[in-house]
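J.: Numbering (our numbering), first residue to last: 344 to 434. The C-beta atom is built at its ideal place from N, Cα and C for all residues, glycine as well.
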Ligand SMILES: [Ca+2]
Ligand SMILES: [Ca+2]
């Protein structure tokens with residue numbers, strides 16, 4: 344966008360911290376380690392598992408704008424988020 348800013352779209356990734364590498368047309372590059380973190384869909388408390396704890400978090404925020412349980416990012420916790428959670432359930 345300019346000499347000091349850029350815009351990028353991140354691809355789907357594996358849950359966890361992710362680095363960003365920027366390479367200029369002249370091949371100079373810079374790396375920002377742990378630039379952002381991918382959260383696992385369905386994992387409302389971000390503990391690496393999707394289970395009854397996440398389900399209870401989702402249910403207690405049903406109909407609310409609560410981003411940790413809004414897995415589809417539509418701004419509200421609801422049945423679509425429940426379907427995502429159940430699809431990623433771990434025992
Ligand atoms: Ca969890
Ligand atoms: Ca939602």
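Give the straight-line distance between the Cα atoms of residue 396 and residue 383, rounded to the nearest whole angstrom.
T.: For residue 396 and residue 383, the distance between alpha carbons rounds to 14 Å.
J.: Would you decide whether residue 437 is buried or exposed? Buried here means 16 or more other CB atoms lie within 10 Å of its CB.
T.: Missing from the structure shown is residue 437; the chain here goes from 344 to 434 and no further.
J.: Determine whether the beta carbon atoms of residue 385 and residue 428 lie at a separation below 7 Å.
T.: Closer than 7 Å, so yes.
J.: Which term fits residue 413, buried or exposed, when burial requires 16 or more other beta carbons within 10 angstroms of its beta carbon?
T.: Per the 10 Å Cβ criterion, buried.
J.: Which residues bound the alpha helix (DSSP H) around residue 430?
T.: Element bounds for residue 430: 422-430.
J.: Let me make sure I understand the geometry here. Which of 371, 432 and 387 has the alpha-carbon closest to that of residue 401?
T.: Among 371, 432 and 387, the Cα nearest to that of residue 401 is on 387.
J.: Give the straight-line distance between the Cα atoms of residue 357 and residue 420, rounded to the nearest whole angstrom.
T.: Residue 357 and residue 420: Cα-Cα distance of roughly 23 Å.
J.: With H, G and I counted as helix, E and B as strand and the rest as coil, what does DSSP make of residue 349?
T.: Coil at residue 349, not helix or strand.
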